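Novice:
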Amino acid sequence: MMARLPRYEWEGTVRRLALPRGVKLVAATMAQYANPDGTQVRPGRERVAEETGYSLKQVDRHLKTLRDLGLLVRVRMGSANGRRGRARA
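Going by our numbering, the residue at position 71 of the sequence shown is 55; the numbering climbs one at a time, nothing skipped.
#1: Between Glu34 and the ligand NAP, is there a pair consisting of the residue's CB and a ligand heavy atom that are separated by less than 7 Å?
#2: Could you tell me if Val10 is buried or exposed, where buried requires 16 or more neighbouring beta carbons within 10 angstroms of its beta carbon?
#3: List the endpoints of the continuous alpha helix (DSSP H) containing Arg31.
#4: Grouping DSSP H, G and I as helix and E and B as strand, with all else coil, what is Thr13?
#5: Let's see if you can read the secondary structure: which residues bound the alpha helix (DSSP H) around Arg(-9)?
#6: Below 6 Å CB to CB, which residues in the same chain sit around Ala33 once its five sequence neighbours on both sides are set aside?
#7: Out of Gly54, Arg(-9), Leu53, Asp52, state which residue places its alpha-carbon closest to the alpha-carbon of Thr13.
#8: Return the CA-CA distance between Arg58 and Arg51, expressed in angstroms with no decimal places.
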């Protein structure tokens, strides 16, 4: 979930903040998978890594930064069972 803002407002906020380039790229990738109201952000870590070119460790670090800043809220952990941790394209 994107910090209780509609997706486009959230994206504008992320663009305006002085964040490292990698954090912004991961945020933008996450936003592509969100509903317009900022919910249901469900790309798997592997998908984000593939699309950004970052390692899983880098993706995890960037996601942690977004959560620490209150820009992402983890509602629950995803499961890799049956879908290998990937959102459907």
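Where a beta carbon is used, it is the ideal one built from N, C-alpha and C, also for glycine. Bear in mind that the values here come from a model prediction, so they are computed numbers and not experimental data.
Specialist: With the given structure in hand:
#1: As far as ligands go, the structure on display features none, and thus does not contain the ligand NAP.
#2: Around the beta carbon of Val10, a 10 Å sphere encloses 16 or more other beta carbons of the protein chains shown; the residue is thus reported as buried.
#3: 29 to 36 is the span of the alpha helix (DSSP H), which, as asked, contains Arg31.
#4: Thr13 falls in the helix class under three-state DSSP.
#5: Bounds of the alpha helix (DSSP H) holding Arg(-9) are -9 to 0.
#6: Counting only Cβ-Cβ distances below 6 Å, and skipping sequence neighbours, we find Leu40, Val43.
#7: Taking only the C-alpha atoms, the option nearest Thr13 is Arg(-9).
#8: Taking the straight line from one Cα to the other gives about 8 Å.
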